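Colleague: The working numbering runs 22 ahead of the 1-based position in the sequence shown.
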Amino acid sequence: MQYIDVAIASIFALFLIVLLGRVIFTPLRWISKLLINSAVGLFLLWLINWVTGPLGFSLPINLVTVLVVGFLGLPGVLLLAILRCLNIIM
23 MQYIDVAIAS IFALFLIVLL GRVIFTPLRW ISKLLINSAV GLFLLWLINW VTGPLGFSLP
83 INLVTVLVVG FLGLPGVLLL AILRCLNIIM
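Written out as structure tokens, the structure reads:
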């Protein structure tokens, strides 16, 4: 009977360790993905401004636009460009 208690306690402890690992590492994975996407988005915004700046078209580079591109990726860049063409963002 004593071995069954140890086995049940071991399985429960393993379950808690796995659960705790998921609780800790899942948000870290999301945050790291957002930071990487935001860095790529910042580069894309800079590149668009560098290429289209002489033509009079530029997208603002600020926290909001970088986070939009960070969350949405390339569709976020297209969204910002469309909003800029419609003069919704300055």
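Where a beta carbon is used, it is the ideal one built from N, C-alpha and C, also for glycine. Nothing here was measured: the structure is a model prediction, and the numbers come from that model.
Check whether the Cβ atoms of residue 83 and residue 68 lie closer than 9 Å to each other.
Modeller: Yes, the Cβ-Cβ distance between residue 83 and residue 68 is below 9 Å.
Colleague: Just to confirm, is the Cβ distance from residue 64 to residue 88 under 9 Å?
Modeller: Yes; because the gap between Cβ atoms is below 9 Å, this pair is in contact.
Colleague: Comparing C-alpha positions only, which one of 76, 93, 56 and 80 sits nearest to residue 105?
Modeller: Answer by Cα proximity: 80.
Colleague: Within the same chain, show all residues whose beta-carbon is closer than 6 Å to that of residue 66, passing over the 5 residues directly before and after it, in chain order.
Modeller: 99.
Colleague: Roughly how many angstroms separate the alpha carbons of residue 37 and residue 30, rounded to a whole number?
Modeller: Each residue's Cα considered, the two are about 11 Å apart.
Colleague: So the candidates are 43, 96, 109 and 78; which of them puts its Cα closest to the Cα of residue 61?
Modeller: Taking only the C-alpha atoms, the option nearest residue 61 is 96.
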